[in-house]
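My numbering puts the first residue of the sequence shown at 33, with every later residue one more than the last.
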Amino acid sequence: MWKHRKSHSSRGLGLCTAICVALLALCQAAPVSAADEEASGTGLRLGAKVVFEGQPYFVAERRDDGSVVLTPPQPPTAKLGAFIKPVAAETSSRQDPRTASKLIDGSGWGESFPGSGVYEHTADVYADGTCMWNSAGGDTQAWVRFDLGQTHQVNGAYIWNYNEAGQWTGYGMQEIEIRRSIDGKTFEQVGTFKLDRATGRKDYRGQTITFDKAVEARHMEIRAVSNHGGPHAGLAEVRFSNAAEQAAAATAWTPKYERPKHPELKPGQALTGAENIIFPSDANVVDVTKPPYNAKADGVTDDTKAIQQALDDHPNAGAIIYLPNGIYRISDTLRWPGPDDPRAGSAQKRTVLWGQSRAGTVIQLRDSAPGFEDPRHSKALIWTGKAPAQRFGNEVHNLTLDTGVDNPGASGAMFIANNQGGMWDVSIVSGDGQGVAGLNLAYSDEQGPALIKNVSVQGFNVGVATAHTVASLTFEHITVKHQNIAGFQNDGQPVSIRGLRSINEVPAVMHNGGLMVLIDSELEGTGSVGDQAAIVNNGTLFARDIKTTRYGLALHDRRKDHRIEGSAIDEYRSDEPRAEVSDAKSSLRLPIKETPELPWDPHDQWIAPQAFGKVSSNEDASALIQQAIDAGKTTVYLPRAHYRIDRTVIIRGNVRRFISVGAWLSPGGKVAAGEVPMFRFEDGTHPAVAFEGIATDFTNRVQLMEHAASRTLVMRRVMCNFQGSGVSYRNTGRGDLFIEDVVGQTFHFKNQTVYARQFNPEPGDTKVINDGSTLWVLGMKWERSGAALVNRDGARTEILGGLSQTHGGGGTPMFINENSAASVIICETNYSDDPYRELVIDRQAGRERKWVEPDAGFRGFRLVSFEARGKTTNAGD
């Protein structure tokens with residue numbers, strides 16, 4: 033195939049194109065050099081029409097070297113009739129998260145280029161979270177049933193066989209029977225057909241199945257008689273053909289809303305009425321508008337290189353890359369720094385992007401940006417790495433991501449964080465409603481645990497996308513509106529969501545696999561929402577206190593064909609709690625309090641230990657930190673540096689925020705020996721104090737925090753890496769504790785009230801000990817073995833979602849409940865040879881009950897849910 037380098041001529045296509053087009057008669061598709069788009073105005077985006085000597089050609093591919101591939105018009109896929117997209121699918125079996133919904137949701141599938149009418153399916157089974165279905169092992173004669181939504185005259189099917197590259201294309205069906213039904217109960221055969229083995233290429237175009245005559249049907253079934261080899265049957269995508277309607281040509285995109293406008297601010301200018309997040313000049317944050325980066329933030333200059341250089345200069349450094357207010361125009365993805373190999377120790381971790389205000393700091397993609405045209409190969413404004421699960425400490429705060437106009441392949445953020453990390457106070461908008469996903473968490477496996485809080489998404493096909501079974505994600509106060517497919521779509525992830533607000537004429541929630549906990553949410557239907565369900569479930573679902581408006585159904589559980597009409601869901605479980613260790617079928621419903629939000633103090637109220645002397649990683653800094661605390665200011669901050677702490681630092685007096693700005697803490701002296709805690713929180717002036725941004729090294733046997741006060745402590749964004757038998761937290765006082773995005777070792781709560789969001793106790797021994805406390809958890813994740821919870825002495829614990837990532841758990845029970853109340857719904861994944869076998873031991877007033885799973889060979893995903901009620905020292909159930 034002939035190839036030519038990119039020309040910088042402003043004369044448009046010129047001779048290079050003429051040569052390429054002349055060769056097209058021979059090769060049907062060839063690369064052609066393109067002049068610089070902005071200089072020439074040719075606009076050679078995917079799908080652009082080029083006419084040469086009266087013959088139309090189209091841009092089918094754009095290459096990294098600047099050349100493009102032209103193709104003459106191709107016969108469209110829909111030759112028989114218009115696509116009928118099924119509204120639901122079910123199958124005889126599945127390998128989670130490869131559910132039947134993957135055959136109808138367009139994942140990994142789409143036009144070869146916008147407007148081509150030629151539909152292709154990728155060979156990457158993990159695209160869009162996951163994008164193909166296959167049966168459970170051994171079910172090679174599986175069936176799939178489709179609900180077409182209404183009765184149609186069906187004259188054929190468009191089928192993309194299972195297309196995972198390599199030997200796995202053998203999963204694809206070979207001989208099939210197709211059946212039809214009006215009522216979904218009685219099926220009659222249409223015919224027997226042969227399917228070709230898929231190509232295993234990214235541009236697989238599937239095949240058309242033609243019936244002898246049109247049939248009337250509301251439901252269709254495809255049943256495998258044989259496959260192309262292997263222990264599974266599978267397909268990639270399916271559409272049916274409407275005999276009464278011809279396929280229509282692609283039409284121009286019509287936005288659903290006016291283009292969002294952003295404040296026009298000078299760089300760093302405060303936005304009236306908004307938060308004003310400014311760090312002291314000596315905090316060692318990286319301001320992208322300062323030398324050597326000099327980003328302009330004027331909405332005109334391309335700031336991509338400036339911001340990317342600031343990121344690249346600080347890999348794995350705990351650095352805050354700071355963006356003052358302004359509009360930062362970019363033309364390419366901003367990538368987290370470090371080596372390309374994600375297994376490298378410094379790759380894509382401990383990096384924070386922080387704006388001055390959510391509405392005033394805007395990262396905006398230029399309109400019609402090269403590389404953002406193709407929804408099947410999405411690119412994001414920011415990308416924070418990929419599996420394996422080593423993306424510790426990645427965060428985004430207080431800014432807006434705007435994907436601009438005419439960028440249908442854009443995602444707002446492809447975000448990953450592990451153990452500790454997340455996104456706070458962020459808006460993600462599409463300028464015209466196009467785009468793949470606003471917050472795309474489905475692009476990588478080994479996602480989370482992480483916390484996503486106070487985030488809104490406007491536009492895109494999907495507002496928030498999640499997938500894969502490892503690990504877990506926690507969401508609170510999320511708004512999604514004006515999506516094209518679904519507000520929130522989950523394809524296998526364990527997710528815990530509180531406070532979802534959806535405004536949509538498509539389903540607010542599409543849950544296709546994994547575990548979803550959804551509580552305290554409002555789902556508003558708009559436009560032609562009709563008889564759709566607000567929540568569509570194909571997985572394991574717990575929903576509580578849900579309000580819906582205008583939707584025909586509040587919920588449709590397709591696994592059980594169960595429908596909830598009306599406008600409210602009090603409490604719904606797709607799977608009942610385990611009977612032999614449960615005294616109730618409903619949850620404990622512990623009271624919930626919002627995490628206290630403390631004001632961002634003016635700089636005259638900030639003070640650092642460096643005000644009292646030099647900080648050195650080789651010397652004890654505890655006295656300098658204590659002097660800063662006792663100086664009477666309200667905010668004590670630790671600029672980015674290495675601090676050794678030999679003696680207990682007491683948080684007291686007038687401090688209401690103790691914040692690390694990228695600091696790294698190591699224990700020494702008595703702290704390292706485990707004789708005293710690194711920090712002790714005592715009573716003082718303010719009713720609540722925030723302890724946030726702390727990150728430690730990996731020393732053994734260390735206690736991070738003793739809570740000795742009667743007032744409230746907020747532990748937020750804490751990465752306690754202490755190992756061995758370390759204790760991250762214990763209390764000797766009775767004050768409330770709020771945990772928000774915290775990873776650590778053992779946590780011991782005694783006679784207090786605890787509210788936890790994204791709680792990640794990690795050790796190999798007991799994770800949480802609850803002695804008589806009230807503990808409410810939204811999203812909990814742990815690994816390895818050891819009891820996740822010892823609940824005793826009248827304690828009350830409610831765990832709403834999360835994951836046990838088990839390996840070596842067989843020697844200990846997962847949950848121990850003694851004379852206490854426990855309400856738990858989590859899931860377990862295990863790929864070791866030693867899963868938990870005792871899941872629950874419940875002891876109540878001399879009676880003992882057990883949930884034992886004797887199958888020592890369990891691998892994969894399972895639900896762990898129980899409702900044990902005992903005598904409690906706190907308010908009753």
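C-beta atoms are modelled at their ideal positions from N, C-alpha and C, and glycine is treated no differently.
Just so it is clear, the structure is predicted and the values come from calculations on it, not from any experiment.
Work out the CA separation of residue 362 and residue 70 for me, nearest whole Å.
Numbered from its first residue, the sequence shown carries residue 70 at position 38. Numbered from its first residue, the sequence shown carries residue 362 at position 330. The predicted position of residue 70 is uncertain, since its pLDDT is 40 and thus under 50; a value taken from the coordinates is nonetheless stated next. C-alpha separation (whole angstroms): 15 Å.
Can you look up residue 629 in the DSSP assignment and give me helix, strand or coil?
Reading the sequence shown from its first residue, position 597 is the one you call residue 629. In the three-state scheme derived from DSSP, where H, G and I count as helix and E and B as strand, residue 629 is classed as coil.
Can you list the alpha helix (DSSP H) stretches of 4 or more residues lying completely in the stretch 664 to 713, in chain order?
Fully enclosed alpha helix (DSSP H) runs of 4 or longer: 701 to 704.
Evaluate residue 421 with the Cβ neighbour count: other Cβ atoms within 10 Å of its Cβ, from every protein chain shown; 16 or more gives buried, anything less gives exposed.
Reading the sequence shown from its first residue, position 389 is the one you call residue 421. Result: buried.
Round the Cβ separation of residue 586 and residue 598 to the nearest angstrom and send it over; I've been treating them as touching at under 8 Å.
Residue numbering aside, residue 586 sits at position 554 when the sequence shown is read from its first letter. Residue numbering aside, residue 598 sits at position 566 when the sequence shown is read from its first letter. Sure, about 6 Å apart at Cβ, within 8 Å.
What are the boundary residues of the beta strand (DSSP E) that includes residue 337?
Your numbering for residue 337 matches position 305 in the sequence shown. Element bounds for residue 337: not the beta strand (DSSP E) but the alpha helix (DSSP H), 336 to 344.
Nearest-angstrom Cα distance between residue 801 and residue 443?
Here residue 801 corresponds to residue number 769 of the sequence shown, with the count starting at 1. Here residue 443 corresponds to residue number 411 of the sequence shown, with the count starting at 1. Taking the straight line from one Cα to the other gives about 41 Å.
Along the chain, where does the beta strand (DSSP E) containing residue 555 start, and where does it finish?
As a working mapping, residue 555 is identified with position 523 in the sequence shown. Start and end: 547 to 557.
Buried or exposed: residue 514, going by 16 or more other Cβ atoms within 10 Å of its Cβ?
Taking the first residue of the sequence shown as position 1, residue 514 is located at position 482. Residue 514 is buried by the Cβ-count criterion.
In angstroms, rounded to a whole number, what distance separates the CA positions of residue 674 and residue 637?
For the purposes of this step, residue 674 is taken as the residue at position 642 of the sequence shown. For the purposes of this step, residue 637 is taken as the residue at position 605 of the sequence shown. Answer to the nearest angstrom: the Cα atoms are 23 Å apart.
Enumerate in chain order the residues of its own chain whose CB-to-CB distance from residue 875 is below 6 Å, with the five nearest sequence positions on each side excluded.
Against the sequence shown, residue 875 aligns to sequence position 843. Here the set comprises 850.
Here's a check: name, in chain order, each residue in its chain whose Cβ is nearer than 6 Å to the Cβ of residue 896, leaving out the five neighbours to either side.
The sequence position of residue 896 within the sequence shown is 864, counting from 1. Short of 6 Å from the beta carbon of residue 896, and not among the five residues preceding or following it, lie these beta carbons of its own chain, in chain order: 858, 860, 871.
Is the stretch 119 to 130 touching the stretch 166 to 186, taking contact as three or more C-beta pairs under 8 Å?
yes
Less than 9 Å between the beta carbons of residue 394 and residue 352, yes or no?
Residue numbering aside, residue 394 sits at position 362 when the sequence shown is read from its first letter. Residue numbering aside, residue 352 sits at position 320 when the sequence shown is read from its first letter. In this structure, residue 352 does not lie closer than 9 Å to residue 394 by Cβ.
Going by DSSP, name the residue or residues bridged to residue 793.
For the purposes of this step, residue 793 is taken as residue 761 along the sequence shown, with counting starting at 1. Bridge partners of residue 793: 776.
Under 8 Å by Cβ, that's how I've got residue 452 and residue 749 pegged, so tell me the actual separation to the nearest angstrom.
In the sequence shown, residue 452 corresponds to position 420, counting from 1. In the sequence shown, residue 749 corresponds to position 717, counting from 1. Yes, residue 452 and residue 749 are in contact; Cβ-Cβ is about 7 Å, under 8 Å.
Residue 718 to residue 738, Cα distance in whole Å?
Mapped onto the sequence shown, residue 718 falls at position 686. Mapped onto the sequence shown, residue 738 falls at position 706. So the two alpha carbons sit approximately 18 Å from each other.
In angstroms with no decimal places, state the Cα-to-Cα distance between residue 486 and residue 390.
Taking the first residue of the sequence shown as position 1, residue 486 is located at position 454. Taking the first residue of the sequence shown as position 1, residue 390 is located at position 358. Residue 486 and residue 390: Cα-Cα distance of roughly 10 Å.
If distances are taken between C-alpha atoms only, which option among 457, 511, 524 comes closest to residue 479?
Here residue 479 is taken as the residue at index 447 of the sequence shown, counted from 1. Minimum Cα distance to residue 479 is reached at 524.
Which first and last residues belong to the beta strand (DSSP E) in which residue 656 is found?
One-based indexing of the sequence shown puts residue 656 at position 624. Unbroken run through residue 656 is the alpha helix (DSSP H), 654 to 661; no beta strand (DSSP E).
Ignoring anything shorter than 3 residues or poking outside the stretch 485 to 547, list the beta strand (DSSP E) runs there in chain order.
494 to 499, 505 to 513, 518 to 523, 527 to 536, 541 to 543
Would you report the Cα separation of residue 862 and residue 328, rounded to the nearest angstrom?
Indexing the sequence shown from 1 puts residue 862 at position 830. Indexing the sequence shown from 1 puts residue 328 at position 296. Straight-line Cα distance between these residues: approximately 50 Å.
Starting from residue 115 and walking both ways along the beta strand (DSSP E), at which residues does that stretch end?
Translated into the one-based positions of the sequence shown, residue 115 becomes position 83. Note, residue 115: beta strand (DSSP E), 114 to 116.
Under the rule that 16 or more other beta-carbon atoms within 10 Å means buried, what is residue 134, buried or exposed?
On the sequence shown, residue 134 is found 102 positions in, with the first residue counted as 1. Counting Cβ neighbours within 10 Å, residue 134 comes out buried, since at least 16 surround it.
According to DSSP, is residue 407 helix, strand or coil?
Working through the sequence shown from its first residue, we reach residue 407 at position 375. Residue 407 falls in the helix class under three-state DSSP.
Within its chain, find whatever has a CB closer than 7 Å to the CB of residue 759; leave out the 5 residues flanking it on each side and keep chain order.
Indexing the sequence shown from 1 puts residue 759 at position 727. Counting only Cβ-Cβ distances below 7 Å, and skipping sequence neighbours, we find 735, 777, 778, 780.
Using a Cβ-Cβ cutoff of less than 8 Å, which residues in the same chain neighbour residue 653 once the five nearest sequence positions on both sides are dropped?
Taking the first residue of the sequence shown as position 1, residue 653 is located at position 621. Correct list, in chain order: 641, 647, 675, 676, 677.
With 16 as the cutoff for other CB atoms within 10 Å, does residue 631 come out buried or exposed?
Translated into positions along the sequence shown, residue 631 becomes position 599. Exposed is the call here.
Going by Cα to Cα distance, which pick from 828, 775, 757, 761 is closest to residue 797?
Walking along the sequence shown from the start, residue 797 turns up at place 765. Answer by Cα proximity: 757.
So does the stretch 405 to 413 actually touch the stretch 128 to 145, counting three or more Cβ pairs closer than 8 Å?
yes
Which two residues bound the contiguous beta strand (DSSP E) that contains residue 88?
Residue mapping note: residue 88 aligns to position 56 of the sequence shown, counting from 1. From DSSP, the beta strand (DSSP E) with residue 88 extends over 87 to 94.
Rounded to the nearest angstrom, what separates residue 828 and residue 645 at their Cα positions?
Taking the sequence shown and counting its residues from 1, the one referred to as residue 828 is at position 796. Taking the sequence shown and counting its residues from 1, the one referred to as residue 645 is at position 613. If I take the Cα positions, the gap works out to 47 Å.
Counting along the chain, where does the beta strand (DSSP E) carrying residue 368 start and finish?
In the sequence shown, counting from the first residue as 1, residue 368 sits at position 336. Note, residue 368: premise wrong, no beta strand (DSSP E); not H, not E.
Return helix, strand or coil for residue 890, following the three-state DSSP convention.
Residue numbering aside, residue 890 sits at position 858 when the sequence shown is read from its first letter. Residue 890 falls in the coil class under three-state DSSP.
Check for me: the beta strand (DSSP E) holding residue 479 runs from which residue to which?
Residue 479 sits at position 447 when you count from the first residue of the sequence shown. Segment: none, residue 479 is in no beta strand (DSSP E) and carries neither H nor E.
Have a look at residue 320 and residue 527 and give me their C-alpha separation to the nearest angstrom.
Translated into the one-based positions of the sequence shown, residue 320 becomes position 288. Translated into the one-based positions of the sequence shown, residue 527 becomes position 495. Roughly 34 Å between the two C-alpha positions.
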